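The sequence shown begins at 355 in the working numbering and counts up by one.
The C-beta atom is built at its ideal place from N, Cα and C for all residues, glycine as well.
Keep in mind the model is a prediction, meaning the values are calculated, not measured.
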Amino acid sequence: MSTSFSTTFQVDQTPKEVFNAVINPRGWWSEEIEGNTEKLNEEFLYHFKDVHVTKLKLTEVVPDKKVVWLVLDNYFDFTEDKTEWKDTKIIFEIMEKDGKTQLQFTHLGLVPDYECYKICFDAWSNYINNSLRNLIVTGKGTPNPKEGGFNAELLKKWELQG
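Here it is, written out as structure tokens:
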């Protein structure tokens, strides 16, 4: 059984261009990200409506080579275990291979036993292989747009935790 979800793609762009896209999750994951997403030890909050809220910390940042996010806390409204992602790691590894730049994305700890696995598998597959790849190749990703109506009280609670 797999201990993580992983996907890989190659592009003609440089490792620096790939790295710059990775550290810009507002450009490929969601415009609903609050906080800094570029430097070691920075923390940020992702939310999608009232469905998913996660607090992440950059625990490793090697320019043009690697970015690691640690999931500090997580909430899903559609799972029995609301914290399934907690303490998992989201890893972006960038390397040159066969004259191209390869990005390997791994969500370490996202296991098939999780209730969210199928939904998360589909979501990550789309965000990484479509949105992030398009941001790198064309300069335009397809992140979740900003939306009104997010539960501000829930968000405030998350921002205060730490």
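Item, Value
"N390, DSSP secondary structure in three states", "coil"
"Nearest-angstrom Cβ-Cβ length linking Y471 and W383, presumed shorter than 8 Å", "About 18 Å separates the two Cβ atoms, so there is no contact after all."
"Stretch-stretch touch, CB-based, cutoff 8 Å, three pairs: the stretch 386-395 with the stretch 479-495", "no"
"Beta-carbon proximity of I445 to H461, cut-off 9 Å", "yes"
"V491 and V365 closer than 9 Å at C-beta", "yes"
"Three-state secondary structure (DSSP) of T368", "coil"
"Residue nearest to F373 in terms of C-alpha spacing, selected from I387, L489, F475 and E388", "L489"
"N- and C-terminal bounds of the beta strand (DSSP E) containing F432", "Looking at the DSSP string, F432 is not in any beta strand (DSSP E), and its letter there is neither H nor E."
"N395 - partner residues in DSSP beta bridges", "Partner(s): none; N395 has no beta bridge."
"Y468, DSSP secondary structure in three states", "coil"
"First and last residue of the uninterrupted beta strand (DSSP E) at L412", "H406 to V416"
"Endpoints, beta strand (DSSP E) assigned at L518", "The structure shown has nothing for residue 518, since the chain only spans 355 to 516."
"Residue closest to V415, alpha-carbon to alpha-carbon, out of E397, F432 and H406", "E397"
"Beta-carbon gap between P497 and P379 smaller than 9 Å", "yes"
"Euclidean distance between Cα positions of T442 and G381", "23 Å"
"Member of T437, F459 and V421 whose CA lies at the smallest distance from the CA of K411", "V421"
"Cα-Cα separation between K494 and S485, rounded to whole angstroms", "8 Å"
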